[in-house]
Amino acid sequence: MSLKILHIVGARPNFMKLAPLQRELAHTTHQQKIIHTGQHYDSQMSDIFFEELQITPPDYHLGVGSGSHTEQTAKIMLALEPILRAEKPTCVIVYGDVNSTLAAALVSVKMQIPVVHVEAGLRSRDFTMPEEINRLLTDQISTLLLTPSQDANENLLREGISADKIHCVGNIMIDSLFFALQAIQQFPQKAQKSFELIKKFGEKKYILSTVHRPSNVDDKESLQRLFAFFAEVARENVVILPIHPRTRKQLELNIDISAFPANFHIIEPLGYLDFINLQKNALCVLTDSGGIQEETSVLGVACFTLRKNTERPITLELGTNTLIGDNYELLFQKIQQVKEGKSKKGENIPFWDGQTASRIVNVLERYF
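Going by numbering that gives the first Met the number 0, the letters in the sequence shown line up with residues 0 to 367, in that order.
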C-alpha cells in the first residue's frame, strides 16, 4: 500500500531530521509532501539548510514568522487545518520539540489524522523550557512514537504510553551528520567558510560556542555573566561564536563587545556543513543547544552544556557531554583539562549509526 505522508517542519533542528527520511522515502512508492511553517523565517536559519541537505523545496510555506509561543502556535494551527483537510494524508510526521511540532500534532489529532513523532520521549523535566511542554504534549497525542534511545522509551512507559506505540529507531540527526561529513569530504568548497577559519586558527586550537536559550540570553544578568566568562576565556583561547538572531538582539541591548579581547570572534550564522566542520575540528564546544550535544558525542569532541539539565542524558552517560549550568569556574577547569588531553571519551551509542531513516520507513510500512 502506498502511503501519503505530510512532513511538517518549521525550524532549523527539524530540517536536519527531515532530510534523511525524505531521501529514504524517495526510494519507495510512497507519496510525500513538505509543509514549512516558517517558524524560522531568516534565510540563514532556513533556506541554506534545505540546499545543503538536499531537501526538496516545501510544497507549502505558511510564513508564520516570529511572535510569542502562543501566537506562533495559533497561527500554524489555523494555516494547517485547510491544508490537511485538502490533502487527506495517511499520517503527519512531526519532528523534535519546536512550536511547529506541537501545533501540527494538535491539528492532526483533532482531525483524526495519525501523528508520527520523530525524536519522541526526550525529557529535561524543566517546565521553564517551552520545548519540554511541546515534547510532553506531542507525545501524549501521537500515534507512533519514534525514539532515539532506550532512555526515551523508559520515559514514555513511565508516563503510561502503550509499549506498542513506542519504537526505538535511533537518532536521525546522526544520519544527517554522516551525510554532512561525506559531503564535506567530497565537496570541500561547500564548507569553504569553515575551512578558512580552521586554516586561520588551527585544528583543535579554538573553542566553538553557540548560545540562544532564553535562560542564557533573555535575562540581562545571566547574559552579562556568560559574556564576562567568554571575555575571560578569550584572553588565552580563540573563541568563535556564530551568532543566533535572538542572541544578537540581546547583545546589542546589553553588552559592549568592542571591549572584548581580539581572540573573541562573533561571526554570522553558518550553514550546516560549515558548522559541522567547525565542530569536528574544535578543541571543545560550549553550547546550550540540544542537537549539538548529540553531534559532538559522535564526533568525539568535548561538549560543555551551558544548562542545568538536558533532555539527552545519554550524551552524559555514553557521549562526550558534561553539564555545566552557569558554573563558570568549573568550566575553566574543564577547558584546561581538554587542553591537557584529559577530556571525556565517548562510547558508541546504540542505533546512532546513520541507519535511522531506514528503520523509520520499516516502522511506517508495518504500521499503516
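Using N, Cα and C, we set each Cβ at its ideal position, and we do this for glycine too.
State the DSSP-derived secondary structure class of Lys-248, mapped to helix, strand or coil.
Taking the sequence shown and counting its residues from 1, one reaches residue 248 at position 249. Residue state for Lys-248 is assigned as helix, using DSSP reduced to three classes.
I need the straight-line Cα distance from Leu-79 to Gln-149, nearest angstrom please.
The residue given as residue 79 occupies position 80 in the sequence shown. The residue given as residue 149 occupies position 150 in the sequence shown. The alpha-carbon of Leu-79 is positioned some 32 Å away from that of Gln-149.
Own chain, CB closer than 8 Å to Thr-89, minus 5 neighbours either side, in chain order:
Reading the sequence shown from its first residue, position 90 is the one you call residue 89. Correct list, in chain order: Leu-2, Lys-3, Ile-4, Pro-113, Phe-367.
Any idea if Ser-65 is buried or exposed, counting beta-carbon neighbours within 10 angstroms, 16 or more meaning buried?
If you number the sequence shown from 1, residue 65 lands on position 66. Per the 10 Å Cβ criterion, exposed.
CA nearest to the CA of Gly-340, picked from Lys-32, Ile-359, Lys-204:
Taking the sequence shown and counting its residues from 1, the one referred to as residue 340 is at position 341. Nearest to Gly-340 by C-alpha distance, out of Lys-32, Ile-359, Lys-204, is Lys-204.
Beta-carbon proximity of Ile-140 to Val-115, cut-off 8 Å:
Residue mapping note: residue 140 aligns to position 141 of the sequence shown, counting from 1. Residue mapping note: residue 115 aligns to position 116 of the sequence shown, counting from 1. It is not a contact, given that the beta carbons lie outside the stated cut-off.
Which partner residues of Tyr-271 appear in the DSSP bridge assignment?
In the sequence shown, the residue the question calls residue 271 occupies position 272. In DSSP, Tyr-271 forms no bridge with anything.
Express the C-alpha separation of Tyr-59 and Leu-24 in angstroms, rounding to a whole number.
For the purposes of this step, residue 24 is identified with residue 25 of the sequence shown, where counting begins at 1. For the purposes of this step, residue 59 is identified with residue 60 of the sequence shown, where counting begins at 1. Leu-24 and Tyr-59 have their C-alpha atoms roughly 19 Å apart.
Report yes if the C-beta distance between Gln-249 and Leu-222 is below 8 Å; otherwise report no.
By one-based count along the sequence shown, residue 249 stands at place 250. By one-based count along the sequence shown, residue 222 stands at place 223. Yes; because the gap between Cβ atoms is below 8 Å, this pair is in contact.
Tell me, which residues are paired with Val-284 by DSSP?
As a position in the sequence shown, residue 284 is number 285, starting the count at 1. Per DSSP, Leu-207, Cys-302.
For Asn-347, the three-state DSSP class (helix, strand or coil)
By one-based count along the sequence shown, residue 347 stands at place 348. Asn-347: coil per DSSP, three-state reduction.
Let me make sure I understand the geometry here. Which of Thr-28, Glu-50, Phe-228 has the alpha-carbon closest to that of Ile-256?
The residue given as residue 256 occupies position 257 in the sequence shown. Among Thr-28, Glu-50, Phe-228, the Cα nearest to that of Ile-256 belongs to Phe-228.
Skipping 5 residues on each side, what residues in its chain have a beta carbon closer than 8 Å to that of Met-0?
As a working note, residue 0 is residue 1 in the sequence shown. Phe-367, listed in sequence order.
Can you say whether Gln-38 is buried or exposed, counting buried as having 16 or more other CB atoms within 10 angstroms of its CB?
What you label residue 38 is simply residue 39 of the sequence shown in a count that begins at 1. Under this definition Gln-38 is a buried residue.
Apart from the five residues just before and just after Arg-84, which ones in its own chain have a Cβ nearer than 8 Å to its Cβ?
Residue mapping note: residue 84 aligns to position 85 of the sequence shown, counting from 1. Excluding positions up to five away in sequence, the list reads Met-110.
Nearest-angstrom Cα separation, counted from Ala-73 out to Asn-98:
In the sequence shown, residue 98 corresponds to position 99, counting from 1. In the sequence shown, residue 73 corresponds to position 74, counting from 1. Looking at the two C-alpha atoms, the distance is approximately 10 Å.
Is the distance from the Cβ of Ala-301 to the Cβ of Phe-263 below 8 Å?
As a working note, residue 301 is residue 302 in the sequence shown. As a working note, residue 263 is residue 264 in the sequence shown. Against a cut-off of 8 Å, the Cβ pair of Phe-263 and Ala-301 comes out as no contact.
Assuming Ser-175 and Thr-286 make a contact with CB atoms under 8 Å, what is their CB distance in whole Å?
Here the question's residue 175 lines up with position 176 in the sequence shown. Here the question's residue 286 lines up with position 287 in the sequence shown. Actually they do not touch by this definition, with Cβ atoms about 17 Å apart.
Between the region 163-175 and the region 16-31, do three or more beta carbon pairs fall short of 8 Å?
Yes, the region 163-175 touches the region 16-31.
Please report the residue range of the alpha helix (DSSP H) in which Leu-24 lies.
Position 25 of the sequence shown holds residue 24. Counting along the chain, the alpha helix (DSSP H) containing Leu-24 begins and ends at 11-24.
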